[in-house]
Amino acid sequence: MDIIIYGIINSVTLALMALGFTLVYGVSRLPNFAHGALYVLTGYITWLLMNKLGVAYPIAIIGGLVISALFGAAMYQFVLIRVRGMPISEIIASYAIGLAILEGLRWGGLKGATFTLPPFIAGGIDLAGVSVDFQRLLVVGIGLLLFGSLWLFVNYTSLGLALKGMAQDERAAMTLGIDSDAMAVVAMAIGSALAGAAGVVLLPLGNIVVEAGYYVLIMAVAVCIIGGLGSWTGAILAAFIIGFAQILTVVYLGTHFQVVVALVAIIATLILRPSGLFGKQKELEERV
Amino acid sequence: MASEKKDRRKERLDRGIKVRTDGVYAISSWLEISYLVIPRFVFIVGFLLLPVVLTPFPYWQKVISIICMYALLAIGFDFLANYVGLVSLGGGFYIGVGAYIAAILNTHFGVSLVFTIPVATLVGAILCTLLFLPCLPLRGVYFAIVSLMYPLLAARIIEALNIFGGTDGLIGVDGFSSKWIETYVLIISLLIVVFGLRRLVTEDLGLVFRGVKDNDQAVKASGINITTYKAFGVLIASALGCLGGACLAHIYMWAGISQFALDFSIIPIAATVVGGGGSLIGPVIGCLILVPISEILRDFGTLRIAVYAIILTAFIVYKSEGLLNYATRKYEQFERWVEI
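Chains as they are written, first to last, in the working numbering: chain A, 1 to 288; chain X, 289 to 628.
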């Protein structure tokens, strides 16, 4: 029972971490390696708004998300747009921005137990004999809510459909009058906000630490690669596979191996099924 | 102003002397010979004299060894990225493997330093190549991501299994007998590597490498096994990294998990981008600029990684050709505005 409940929680956590990354990659083929940094940055901004400016918690969260979205959009508009179409430069540039944010925050003194966000609802509950705190249940709830609303957004609004069009066939979308760069900015803004949302939901479970940024990036990449880059179903499935695999390793092998599982899974997936579990897009040209 | 700009463009033409020195006329006069020789001469002699000039500052002499170590790694990165077409973000892995092999040989088996460095270079290169072999068919972004995982994975496994000294690392590795030997071993091997590789990429082998980079399907269609060539490219690059790592273990007299760290992956990339990729000397120049900056910023801790990252972003976005390619262009060509 332990394994099932915590497995589900862990899986939804991973899916949340990966959501923004897979959205941006799916729409604009842009591997946003600053994803983890945005996750930490949003948590930090929220903390700053709350503790230094005395803003109420919910408003601070919204402020953090808005700033994160603006940052993501600016990052595309002013930096990444210039290296568009050169995958390696995209990776290096976005990774460098992420590093600058993370290491800058670390230098600015982001360490220790001072930097914590309070849980939304304190306390916990017994669930079939396993004690779970409310925040973890909220993670699952908010995660499902976000997946649902994102699905509705992509399939039933004109902006969402435009994004979907871009993801499926950029050139055809452009002939229909969809502006490729504008959509990429929108996707980056939403993706960054989602990274931030994952941050504010998940960070109350621990301290805000710089290492979380790297961990989130690795996990997001792992989930997306195993699921097949750009595939949503694949990403969610992969989140569940890694999520349960991690919980099983923790129970049977030890905590140290938790990250190893994800890395080995990535390497194995890339070798055995280079396009991921559900990756169909351009699999031959791009990968092997 | 805008309309004026439309009417003219910049034209670049090779200088006469550059064209003459391309062929056999290079030896026609001292002017042509010196045009060719002086830049290389300045580079080699400058490098050889650097430790002597810095004798009053022993600390900076040590920095030269570190520069060479990073430069070896950066050349490996440049070679793989611009000649073989594999972007390897996991430079730390080569350094770590080289350092650990040298340290294990030295501390556990008492092998002296004269043998540990070559053995670590060779064995480490073979080991790295074998480990990378399964993911060599991958291209572009995918290889980059997987190679980024390798050093992380290695550090985690050493930590988790508590082998090779676990988190403490291996201490008590022999140092070089004198700092002059230490510096010059690195400088001379660096120079050999730079000019050897520059020669190699113009040979037939280099042609196949570039073919693999530019159009691997065409190379495959010519009946050449591309994975073999990619493996050979990785072998060369990882040998350079392992050489650097082995020397590093002997310089610091220590090998540990931090040798798989991010620094070793990001600095060579930054150096290549800043110095100019594709020239094999560019990365060395990049290291000569970036590593001292890193040493100056050492007091500020992780700020230096942030500074690097910003320099890297600025260069890749606004000056992606790099310093050396820019300088080469100015040296070989003149520019003028022409009316259209």
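Don't be surprised by glycine CBs; every beta carbon is placed ideally from N, CA and C. The structure presented is a predicted model; accordingly, all values stated were derived computationally and were not measured.
Residue i at chain A interface by Cβ criterion, 8 Å
i: X/Ser608; result: yes
i: X/Arg586; result: no
i: X/Pro571; result: no
i: X/Cys423; result: yes
i: X/Tyr517; result: no
i: X/Thr601; result: yes
i: X/Val372; result: no
i: X/Ala413; result: no
i: X/Leu441; result: yes
i: X/Val385; result: no
i: X/Gly428; result: yes
i: X/Met289; result: Unreliable positioning characterises X/Met289 in this predicted model, as indicated by a pLDDT of 44, which lies under 50. The coordinate reading is nonetheless provided below. No, X/Met289 does not count as interfacial toward chain A.
i: X/Asp340; result: Here residue 340 of chain X turns out to be Val, not Asp, going by the sequence shown. Closer than 8 Å: no.
i: X/Ala448; result: yes
Bridge partners - residue i, DSSP secondary structure assignment
i: X/Ser582; result: Paired residues: none, contrary to the question.
i: X/Val626; result: X/Arg297
i: X/Leu458; result: X/Ala543
i: A/Ser131; result: A/Asp126
i: X/Asp302; result: X/Gln621
Proximity of residue i and residue j at Cβ, strictly below 8 Å
i: A/Gly213; j: A/Tyr39; result: yes
i: X/Gly610; j: X/Lys501; result: no
i: A/Ser28; j: A/Phe244; result: no
i: X/Leu568; j: X/Phe381; result: no
i: X/Ala534; j: X/Ile315; result: no
i: X/Gln621; j: X/Arg303; result: yes
i: X/Leu528; j: X/Val481; result: yes
i: X/Arg296; j: X/Glu627; result: yes
i: X/Gly532; j: X/Leu361; result: yes
i: A/Gln246; j: A/Val223; result: no
i: X/Leu418; j: X/Val407; result: no
i: A/Ala235; j: A/Val24; result: no
i: A/Val264; j: A/Ile3; result: no
i: X/Ala359; j: X/Val572; result: yes
i: X/Met437; j: A/Ile266; result: yes
i: A/Gly148; j: A/Leu16; result: no
Test: residue i CB closer than 8 Å to a CB of chain X
i: A/Leu99; result: yes
i: A/His256; result: yes
i: A/Leu30; result: no
i: A/Val24; result: no
i: A/Trp107; result: yes
i: A/Pro87; result: yes
i: A/Glu293; result: The question about residue 293 of chain A has no answer here: the residues shown for chain A are numbered 1 through 288.
i: A/Gly36; result: no
i: A/Arg82; result: yes
i: A/Leu248; result: no
i: A/Ile267; result: yes
i: A/Ile92; result: yes
i: A/Glu103; result: yes
i: A/Ala96; result: yes
i: A/Leu270; result: yes
i: A/Met225; result: The sequence given here places Ile at residue 225 of chain A; Met does not occur at that position. Answer yes: the Cβ-Cβ gap between A/Ile225 and chain X drops below 8 Å somewhere.
i: A/Val251; result: no
i: A/Leu263; result: yes
i: A/Val221; result: yes
i: A/Val299; result: This structure cannot speak to residue 299 of chain A, because chain A is shown only from 1 to 288.
Rounded distance between the beta-carbons of residue j and residue i, thought under 8 Å
i: A/Val216; j: A/Gly43; result: Their Cβ separation, rounded to whole angstroms, is 11 Å, which puts A/Val216 and A/Gly43 out of contact at 8 Å.
i: A/Leu19; j: A/Leu194; result: 5 Å
i: X/Pro422; j: X/Phe548; result: Rounded, the Cβ-Cβ distance is 20 Å, inconsistent with contact.
i: X/Phe603; j: X/Gly379; result: The Cβ separation is near 18 Å, so there is no contact.
Simplified DSSP assignment, three categories, for residue i
i: X/Ser465; result: coil
i: A/Leu14; result: helix
i: X/Thr590; result: coil
i: A/Thr116; result: strand
i: A/Ala207; result: With the sequence shown as reference, residue 207 of chain A is identified as Asn, and Ala is not the correct amino acid for it. Three-state result, A/Asn207: strand.
i: X/Glu650; result: Since the displayed chain X opens at 289 and closes at 628, residue 650 of chain X lies outside it and no answer follows.
i: A/Lys52; result: coil
i: X/Leu342; result: coil
i: A/Thr175; result: helix
i: X/Ala314; result: helix
i: A/Thr269; result: helix
i: A/Ala34; result: coil
i: A/Met183; result: helix
i: X/Gly378; result: coil
i: X/Ala549; result: coil
i: A/Asp169; result: coil
i: X/Glu470; result: helix
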